[in-house]
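J.: Before anything else, here's the structure in question.
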Amino acid sequence: MSLLHQIKEKAAGQATSNELQQHARAVFLSNGIPTRKNEEWKYFSFKPTFDHDLTWVDGANQQLPINTQLHNIKANRLVFVNGQLDIQYSEILDQIPGLIVCSMEEASALHGAIFTQHFGKYASIENESLNALNTAFDPQGSFVYIPKGAVCEYPFFIQHVTTSIDYASFSQLRNLWIIGANASASFIESYESIGSNKCLTNVVSEIAIAENAQVNSYKLQQQQAVAQLNHYTQINQSAHSNVKQITVSMCGEIVRNNLHFKLNGPAADCMLHGLYFTDKKRLVDNHTRVDHVSPHCTSDEKYKGILTDESTAVFNGKIQVHLDAQKTAAYQRNQNILLSDKATINTKPQLEIFADDVKCTHGATIGRLDEKSLFYLRSRGIPEAVAKSMLLKAYAKDITDAIDEPSLTLFIEQFIEANI
Amino acid sequence: MLSIENLHAGIEGKNILNGINLNIRPGEVHAIMGPNGAGKSTLSSVLAGKNEYTVSQGSVYFDGKDLLEMSPEDRAREGLFLAFQYPVEIPGVSNTNFLKTAVNEQRKYRGLPPMEATDFLKFMREKMDFVEMDKSLTSRSLNEGFSGGEKKRNEIFQMAMLAPKLAILDETDSGLDIDALRLVSNGVNKLRSKENAFVVITHYQRLLDYIVPDFVHVLYKGRIVKSGTAELAKELEQKGYDWIKAELETQNA
Chain A
9 MSLLHQIKEK AAGQATSNEL QQHARAVFLS NGIPTRKNEE WKYFSFKPTF
59 DHDLTWVDGA NQQLPINTQL HNIKANRLVF VNGQLDIQYS EILDQIPGLI
109 VCSMEEASAL HGAIFTQHFG KYASIENESL NALNTAFDPQ GSFVYIPKGA
159 VCEYPFFIQH VTTSIDYASF SQLRNLWIIG ANASASFIES YESIGSNKCL
209 TNVVSEIAIA ENAQVNSYKL QQQQAVAQLN HYTQINQSAH SNVKQITVSM
259 CGEIVRNNLH FKLNGPAADC MLHGLYFTDK KRLVDNHTRV DHVSPHCTSD
309 EKYKGILTDE STAVFNGKIQ VHLDAQKTAA YQRNQNILLS DKATINTKPQ
359 LEIFADDVKC THGATIGRLD EKSLFYLRSR GIPEAVAKSM LLKAYAKDIT
409 DAIDEPSLTL FIEQFIEANI
Chain B
34 MLSIENLHAG IEGKNILNGI NLNIRPGEVH AIMGPNGAGK STLSSVLAGK
84 NEYTVSQGSV YFDGKDLLEM SPEDRAREGL FLAFQYPVEI PGVSNTNFLK
134 TAVNEQRKYR GLPPMEATDF LKFMREKMDF VEMDKSLTSR SLNEGFSGGE
184 KKRNEIFQMA MLAPKLAILD ETDSGLDIDA LRLVSNGVNK LRSKENAFVV
234 ITHYQRLLDY IVPDFVHVLY KGRIVKSGTA ELAKELEQKG YDWIKAELET
284 QNA
């Protein structure tokens with residue numbers, strides 16, 4: 009049975025009294041899966057995957073060996089398998105009064121007031137059919153509430169593992185993080201998969217950041233070659249808040265990121281950086297959008313790609329400067345290195361500026377590895393493969409160096425060494 | 034050590050070298066001079082293995098091994114070094130990390146274990162003093178933001194670190210002020226030994242006051258048209274290249 013058919017049956021079979029879910033179901037059923045006719049989905053569609061025979065999984069029916077490679081990082085760690093919290097691998101180190109770190113189920117059961125106040129309030133479902141699908145059923149995933157003024161010593165490490173060991177699978181994940189005023193916190197997310205059958209994971213993250221809060225957020229996408237990932241992230245920032253978001257896409261058959269920032273208060277700053285590595289016939293699509301709603305905000309966007317074989321990458325960066333957002337400073341760059349003649353990059357900056365006193369720049373570059381630099385290194389006795397990986401690490405360095413977690417930087421550098 | 038026979042080479046179908054013959058033995062310093070466009074830089078590029086040049090005829094043997102068959106990295110690991118006329122800037126690769134990789138890759142090729150970090154740093158400091166290199170340069174990205182003189186000094190520093198059998202200096206002197214020139218020359222002179230050899234490619238005789246060559250060759254239209262001792266360089270400085278061109282034309286007539 010096709011996945012789409014299963015979803016419809018599930019919706020019909022599990023009646024809900026939750027208004028948001030009812031609305032989301034209606035939106036999803038009327039809009040369907042976006043096809044390539046939709047401008048935002050110009051280069052691929054998940055439609056064929058939804059027509060495929062994928063089994064909807066939630067939770068894990070067996071104990072699985074979890075990849076603990078990054079567990080050396082001392083962190084408040086939550087490990088989820090198909091959206092279900094695995095207590096064995098999870099631990100909370102920070103003891104802060106009022107801090108809540110738990111699963112979505114627990115949050116809605118035990119912290120209903122906060123949960124309802126924030127859940128579904130940030131990520132739009134109206135023109136986002138896959139968000140509507142995600143919102144249409146009970147959410148599974150991580151919930152983090154950081155109270156006002158809390159300074160978290162350890163990062164929140166959220167590891168999401170999806171499985172497709174015995175059969176092709178579909179799963180949905182949700183993250184809701186609420187950061188109080190003047191608080192500061194770091195997040196590390198890792199998306200992984202186990203199993204060699206096809207799988208699709210549909211993720212929605214909502215991150216609400218109150219005044220003057222500081223957040224660093226690092227996202228690693230390192231799923232198996234057969235895995236597809238759709239990740240929609242909405243980050244809303246209040247005045248004087250500061251966010252650093254770095255997305256590293258390392259693997260998977262298809263990765264689609266929608267990263268939306270809304271700068272809602274004056275002097276909010278965001279940095280959105282990304283690195284993507286594609287090979288074989290894989291595809292990584294980064295759609296970003298920054299809404300400058302308030303004056304004096306800064307957005308600093310930089311995405312860098314390394315593409316080989318017959319792979320494809322898409323970068324679509326939209327910056328919208330609203331009428332009142334005077335003194336906006338928005339920078340956007342997309343750089344690409346193509347290591348093969350058959351790799352494709354589609355890059356498109358989109359600036360819509362309605363204010364008249366702003367500073368905005370954008371630029372895209374596409375190139376190869378610099379032959380002169382390569383020859384220089386080789387002429388000193390460094391073998392070609394080593395020289396290439398040195399140059400690629402150097403190319404990625406301004407992004408990897410922006411990560412304030414040395415073991416994560418090292419992990420990404422080792423990935424470059426081993427895989428490219 | 035190096036034996037070039039009847040070497041013809043060019044780029045994009047254009048012949049630049051038209052039959053070079055040159056023999057270099059250990060302990061010797063050869064200077065190659067010549068007017069612009071004579072093929073000086075092409076010769077150094079072909080020897081180092083730049084792939085945009087094609088060799089159409091002739092052979093080059095380095096210690097009995099066919100040099101032209103080797104990859105650029107193997108040439109380096111066999112003991113060939115080219116000091117670039119225009120060293121590239123590589124942002125994001127630190128000078129130290131680059132040198133450590135180069136030194137250890139060469140050691141690996143020779144079956145030696147990699148150098149311990151502390152030994153390496155000590156070794157590096159020694160060689161830095163040797164070319165009077167500013168310590169701050171090593172922690173920076175390779176050649177990034179270096180002045181012309183600093184880049185050339187960095188080339189000599191790398192040469193000191195890698196201790197090649199044969200070093201080719203491609204116009205290392207051009208653009209240097211007299212102090213930098215002295216430093217670079219001192220570096221080379223201190224490295225001279227019975228076991229190694231140098232090819233100094235230059236436009237100006239000035240450098241040869243500091244690095245006194247055993248042989249001077251004049252390259253013109255892709256050939257060595259005249260060879261002599263250090264005296265020849267002085268003659269060229271006084272008279273320019275026109276007398277050689279004239280001499281050649283009479284010969285041909």
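Quick mapping for you: the protein sequence lines, in order, are chains A and B. Residue numbers for the first sequence follow the numbering used here, so the first one is 9 and each next one is one higher. Residue numbers for the second sequence follow the numbering used here, so the first one is 34 and each next one is one higher. Just so you know, even glycine gets a beta-carbon here, dropped at the ideal spot from N, CA and C.
Does DSSP put B:K184 in a helix, a strand or coil?
T.: In the structure shown, B:K184 sits in a helix (DSSP, three-state: H, G or I).
J.: Using a Cβ-Cβ cut-off of 6 Å (strictly less than) and excluding sequence neighbours within five positions of A:I215, which residues of its own chain qualify?
T.: So the qualifying residues of the chain are W185 and I243.
J.: Using CA atoms only, rank isn't needed, just tell me which of B:E122, B:R215, B:L252 and B:V126 is closest to B:S172.
T.: Of the listed residues, the one whose Cα sits closest to B:S172 is B:V126.
J.: Enumerate in chain order the residues of its own chain whose CB-to-CB distance from A:N272 is below 7 Å, with the five nearest sequence positions on each side excluded.
T.: Only N244, Q245, S246, V301 and S302 meet the Cβ criterion.
J.: In chain A, which residues lie less than 7 Å from B:E45 when you measure between Cβ atoms?
T.: Within 7 Å Cβ-Cβ: nothing; B:E45 doesn't reach chain A, min ~15 Å.
J.: Just mark B:V93 as buried or exposed, buried being the case when its beta carbon has 16 or more other beta carbons within 10 Å.
T.: When all chains shown are included, B:V93 counts as buried.
J.: Tell me the rounded alpha-carbon separation between A:Q92 and A:N84.
T.: Each residue's alpha carbon lies about 17 Å from the other.
J.: Which residues of chain A have a Cβ atom closer than 7 Å to the Cβ of B:A135, listed in chain order?
T.: Chain A residues near B:A135: R388, G389 and I390.
J.: Would you report the Cα separation of A:D317 and A:H268, rounded to the nearest angstrom?
T.: The straight-line gap from Cα to Cα measures roughly 30 Å.
J.: Could you name the residues that DSSP lists as bridge partners for B:D203?
T.: Answer by DSSP bridge pairing, in chain order: B:I234.
J.: Mind checking which residues open and close the alpha helix (DSSP H) that includes B:K254?
T.: It is not in any alpha helix (DSSP H) - B:K254 carries neither H nor E in the DSSP assignment.
J.: In angstroms with no decimal places, state the Cα-to-Cα distance between B:M34 and B:N128.
T.: Their Cα atoms are separated by approximately 30 Å.
J.: Nearest-angstrom Cα distance between B:F179 and B:S226?
T.: Their Cα atoms are separated by approximately 30 Å.
J.: How big is the Cα-Cα spacing for A:L62 and A:S177?
T.: Taking the straight line from one Cα to the other gives about 5 Å.
J.: Check this for me: beta carbons of A:I202 and A:V169, under 8 Å apart or not?
T.: The answer is yes: Cβ separation under 8 Å.
J.: Could you tell me whether any Cβ in chain A is nearer than 8 Å to the Cβ of B:V121?
T.: So, interface residue.
J.: Answer with yes or no whether the minimum CB distance from B:V126 to chain A is below 8 Å.
T.: Interface residue, yes.
J.: If you follow the alpha helix (DSSP H) that A:T408 is part of, which residue opens it and which one closes it?
T.: It spans E392 to T408 - the alpha helix (DSSP H) in which A:T408 sits, taken as one unbroken run.
J.: Have a look at B:V251 and B:P59 and give me their C-alpha separation to the nearest angstrom.
T.: Straight-line Cα distance between these residues: approximately 21 Å.
J.: Output the residue ranges of the beta strand (DSSP E) runs that lie fully inside the region 252-331 of chain A and measure 3 residues or longer, sorted by chain position.
T.: Entirely contained in the region 252-331 of chain A, the beta strand (DSSP E) runs reaching 3 residues are, in chain order, 262-271, 277-286, 291-300, 306-315 and 320-329.
J.: Would you call A:F362 buried or exposed, if buried means 16 or more other Cβ atoms sit within 10 Å of its Cβ?
T.: When all chains shown are included, A:F362 counts as exposed.
J.: For the alpha helix (DSSP H) holding B:E138, just list the boundary residues, first then last.
T.: Run containing B:E138: N128 to Y142, per the alpha helix (DSSP H) assignment.
J.: Please work out which residues of its chain come closer than 6 Å, Cβ to Cβ, to B:P124, disregarding the five sequence neighbours upstream and downstream, and give them in chain order.
T.: S174 and E177, listed in sequence order.
J.: B:L202: which of B:R110, B:A64, B:L50 and B:F95 sits nearest, CA to CA?
T.: Checking every option, the nearest Cα to that of B:L202 belongs to B:A64.
J.: Does the pairing of the region 126-141 of chain A with the region 33-52 of chain A give three or more beta-carbon distances under 8 Å?
T.: Yes, since at least three Cβ pairs between the region 126-141 of chain A and the region 33-52 of chain A fall closer than 8 Å, the two stretches touch.
J.: Beta-carbon of B:P105 versus every beta-carbon of chain A: anything under 8 Å?
T.: It does: the Cβ of B:P105 has a partner Cβ on chain A nearer than 8 Å.
J.: When you compare only the Cα positions, how much space is there between A:L237 and A:N90?
T.: Taking the straight line joining both Cα atoms gives about 13 Å.
J.: Measuring alpha carbon to alpha carbon, tell me which residue in A:T57, A:E309 and A:Q96 is nearest A:Q167.
T.: Here the closest residue by C-alpha is A:Q96.
J.: When you compare only the Cα positions, how much space is there between B:I37 and B:L50?
T.: Near 12 Å, if we compare the C-alpha coordinates of B:L50 and B:I37.
J.: For A:R182, does the three-state DSSP call read helix, strand or coil?
T.: In the structure shown, A:R182 sits in a strand (DSSP, three-state: E or B).
J.: Using a Cβ-Cβ cutoff of less than 6 Å, which residues in the same chain neighbour A:C110 once the five nearest sequence positions on both sides are dropped?
T.: Cβ neighbours of A:C110 beyond the five flanking positions: F151.
J.: Which of the three DSSP states, helix, strand or coil, is assigned to A:E214?
T.: Looking at A:E214 - three-state DSSP - the assignment turns out to be strand.
J.: Quick one: complete alpha helix (DSSP H) runs, 4+ long, within the region 31-116 of chain A?
T.: For the region 31-116 of chain A, whole alpha helix (DSSP H) runs of length 4 or above, ordered along the chain, are 55-59.
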